[in-house]
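Right, one structure below, let's go through it.
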Amino acid sequence: HQPIENNLLDSTAPSPTYPMSYISDANVLALHRLLWYHQEKIGDYLSSGRDHKAIGRRPFDKMATLLAYLGPPDHRPLDSQWISYDMTATKFEELMAKTQMHEREEFKSLKALNIFYQAGFSKQNNPVFYYIARRFKVNEMNCDLLIYHVLLTLKPFQAKPFELIVDFTHTCTDNRFKTDYLSKWFICMPDCFYYNLQACYIYNCNSW
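Be aware that the sequence shown starts at 806, since it is given in the numbering used here, and climbs by one per residue.
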């Protein structure tokens, strides 16, 4: 047995950092389309392979059953699948400002719902922001507009420490973010916001 190196036991040693990674909804849809339109060819290939006797039809039958359950793939236009590796917080804000999103009724209506807002100060005299999860409806609202609203609300305080309260009261599947938009949050939020966030309080957290 080799002795364990000291740096493995040293609590002061820097921990490795790993990039955040999410499965893109666009990739899932592409895989669905691929399997749906080529399932016959996949079946033929598997049945003609050398390992057919050892493997049998069970894996293919399970896939076919799943595809039958899911039904045909969605045909969403490519421009609705927001994904851009060149997008930054600044570019996103410029794009939204250029199209005058803040003047649109849809944006004003979303802002009026108070999904995200600033109110009061903490004991440390930091401004406190609130995110009320149940007020965001994934199938009824434009997540781009919510991200833009959060950016504009935080902007006056971007150089100051702040605190965040996330209220999960009555939160359910209707209030979730789709996978693509989780990635988008990380791209569109400037680093200074993460740096200046002093505390995050989770209220009434449930399994959702």
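Here a beta-carbon is modelled for each residue, glycine too, at the ideal position from N, C-alpha and C.
Original post:
For S889, is the classification buried or exposed, using 16 other Cβ atoms within 10 angstroms of its Cβ as the cut-off for buried?
Top reply: With a pLDDT of only 47 at S889, under the threshold of 50, the placement of this residue in the model should not be trusted, and no figure is reported.
**OP:** State the Cα-Cα distance for the pair N1011 and I952, rounded to the nearest angstrom.
**Re:** Straight-line Cα distance between these residues: approximately 23 Å.
**OP:** Take every Cβ of the stretch 995-1003, pair it with every Cβ of the stretch 961-981, and state whether three or more of those distances are shorter than 8 Å.
**Re:** Segments in contact, yes.
Original post:
What residue does the alpha helix (DSSP H) around E968 start on, and which one ends it?
Top reply: Element bounds for E968: not the alpha helix (DSSP H) but the beta strand (DSSP E), 967-972.
Original post:
For C993, which beta-bridge partners are listed by DSSP?
Top reply: The partner list for C993 (beta bridge, DSSP) is empty, contrary to what the question assumes.
Original post:
Given A924, which residues of its chain have a CB within under 7 Å of its CB, disregarding the five upstream and five downstream residues?
Top reply: Excluding sequence neighbours, A924 sits near V933, Y935.
**OP:** Could you work out which residue in P864, E899, M868 is closest to Y842 when comparing CA atoms only?
**Re:** Answer by Cα proximity: M868.
Original post:
If you run the structure through DSSP and keep just helix, strand and coil, what is Y1008?
Top reply: DSSP places Y1008 in strand when its eight states are reduced to three.
**OP:** List in chain order: all unbroken beta strand (DSSP E) runs of 3+ residues lying wholly within the stretch 910-935.
**Re:** Segments of the beta strand (DSSP E) lying fully in the stretch 910-935: 921-926.
Subject >> Residues bridged to I937 [DSSP beta-bridge criterion] >> reply: DSSP output for I937 lists D972 as bridge partner(s).
Original post:
How about H907 and L872: are their beta carbons less than 9 Å apart?
Top reply: The Cβ atoms of H907 and L872 do not sit closer than 9 Å to each other.
Original post:
Does DSSP put Q844 in a helix, a strand or coil?
Top reply: Of the three classes helix, strand and coil, the one that applies to Q844 here is helix, per DSSP.
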